[in-house]
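Residues 1119 to 1202 (the numbering used here) make up the sequence shown, in order.
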Amino acid sequence: TRCACAVFAALALACTAQNIVRSNMHWNDTDGRRIEAHAAGMFQSLVDGRWYWYGESKKTPGLAGHGVNCYSSESIAGPWRNEG
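And the structure:
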């Protein structure tokens, strides 16, 4: 249990309040808009070290208006910038 406590303490110190991953709530990008990335995939680039998050946009009621969005961040916990 000492090891687990040390790990949690280190994680708590490493995270700032704005970069904590929280479930059960909408996440916003750096422009304040809700992140639209359903059925998503993430990877960390070997070129620039950034995390990239790709996923389906479901902002429209019909399939014709759906597309794929891309977000990027220096940390997997965000903040996430909309790349288009």
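Even glycine gets a Cβ: it sits at the ideal position worked out from N, Cα and C.
Rounded separation between residue i and residue j - CA only
i	j	result
Ala1157	Ser1141	16 Å
Ala1195	Trp1171	11 Å
Gly1173	Val1165	21 Å
Lys1177	Asp1147	15 Å
Element boundaries [beta strand (DSSP E), containing residue i]
i	result
His1184	From DSSP, His1184 is part of no beta strand (DSSP E); its letter is neither H nor E.
Glu1174	Trp1169 to Ser1175
Met1160	His1156 to Gln1162
Of the listed residues the options, nearest to residue i (C-alpha basis)
i	options	result
Ser1163	Pro1197, Ser1190 and Gly1196	Ser1190
Sub-8 Å separation of residue i and residue j beta-carbons
i	j	result
Val1186	Ser1175	yes
Cross-strand partners of residue i (DSSP beta bridge)
i	result
Asn1142	Beta-bridge pairing links Asn1142 to no other residue.
Ser1191	Trp1169
Arg1199	Ser1190
Arg1151	The partner list for Arg1151 (beta bridge, DSSP) is empty, contrary to what the question assumes.
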